[in-house]
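First up is the structure itself, then whatever we jot down about it.
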Amino acid sequence: MHDSCLDQYRMTKSQVKFKTARELFNFECTSSSALHSGCTELDNLIGGGFFPGCVTEISGEAGCGKSQICMQFAAVTIAEGRKVVCIETERGFSVKRVREILKLHTNEVDEAMQRLLISSPSTMEQMMNILGKLEHSTQQLDETSVVIVDAIATFFRGCTEKEDFQKWRNVLTMLYNIALHHNIAVIYVNHITTRPDSSSGEWTTTPFLAKGSSRRPTIQLWLDRSTTESGTIRRISVVKSPFSPTCSAEYVITNSGLSFVRLPSN
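Sequential numbering of the sequence shown, starting at 1, is according to the UniProt record's numbering.
See below:
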């Protein structure tokens, strides 16, 4: 029994493979160039744009512009000849809005719209089935550069059972696998919730089910807004990113999408 375990260990050990930093650097330079979000200031804020192989979470209260970022990104991506897959669960992802933005980037609007594929699951099981097929199908993701989920938490609101939290972790794992195995930029919109801070006990606003996640997204963006005498102020903050420091900037939503009105500040 001991010899059998030892042989298995040696076999497993012999299968471990490493890549040099130079190999990974060359791969990042050739295959993982950042994709333009459609807003140059947003690209600069997050370190160059949305990166293939990475998962980005966009959280914030309703009406901040989370879906606007996704629609603007989708429009620019398909205008450049790439394919986008969108899983939309709340009808917040508007094809009409995508088309409006698209007209600003290409004259071949109808042709570009053919490169945007949309699925609208109505249950948690349907969403997981779609993600599972994307995770294991190279043909389905052929020539696809971006996968968008708007919004990921729709079918998990009010969940209390242990198996629901496990499904949440499974969904996140599938998104990570899609990003890593297929070298795709994955962006998902998340809701927010309030919970007591573990140290102060005060109630704080956080991304939905943040504590239930075994892995954190590569990039975390936080959107919020406040009302002043001069009007509504929207702010986007980089909470976590390996490509840029934590910083924030104020923005407005225009006909073309997001537009910054104040440069990023730390």
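In this text, a Cβ means the ideal position worked out from N, Cα and C, and glycines have one as well.
- In the three-state reduction of the DSSP assignment, S145 falls in the strand class.
- V98 and E108 have their C-alpha atoms roughly 14 Å apart.
- Going by beta carbons, I58 and N190 fall inside the 8 Å limit.
- If the five residues before and after Q68 are omitted, its C-beta is found closer than 7 Å to the C-beta atoms of I253, G257 and L258, all from its own chain and listed in chain order.
- For the pair P52 and N170, the CB atoms are not nearer than the 8 Å cut-off.
- The C-alpha of L221 is placed about 7 Å away from the C-alpha of K240.
- With 16 or more other Cβ atoms from the protein chains shown falling within 10 Å of its own Cβ, S145 counts as buried.
- Per DSSP, reduced to three states, the secondary structure at C64 is coil, with no helix or strand assignment.
- Between the stretch 216-232 and the stretch 117-126, the count of Cβ pairs shorter than 8 Å is below three; the stretches do not touch.
- In this structure, L35 sits away from A179, with a CB-CB distance that is not shorter than 8 Å.
- The Cβ-Cβ distance between V55 and P217 falls below 8 Å.
- With fewer than 16 other CB atoms across the displayed protein chains lying within 10 angstroms of its CB, R262 is exposed.
- With distances taken between CA atoms, F208 lies nearest to T193 out of I219, T193 and S199.
- Rounded to the nearest whole angstrom, the CA to CA distance from K66 to G60 is 7 Å.
- Non-local beta-carbon contacts of R82 in its own chain, meaning distances under 6 Å to residues more than five positions away in sequence, involve S145 in chain order.
- Residue range V109 to M113 is occupied by the alpha helix (DSSP H) that includes A112.
- From the listed residues F165, Y251, P242 and V238, the smallest Cα separation to T232 is found for Y251.
- Annotation for D150: K66, S67, C70, C86, I87, E88, T89, E90, G92, F93, Y188 and V189 place their beta carbon closer than 8 Å to its own, counting only its chain and skipping 5 residues before and after.
- According to the DSSP assignment, I46 belongs to no beta strand (DSSP E), since it is labelled neither H nor E.
- Beta-carbon to beta-carbon, I46 and I219 are separated by about 6 Å, close enough to satisfy the 8 Å threshold.
- Annotation: the continuous alpha helix (DSSP H) that includes Q166 extends over K162 to H182.
- In the three-state reduction of the DSSP assignment, C86 falls in the strand class.
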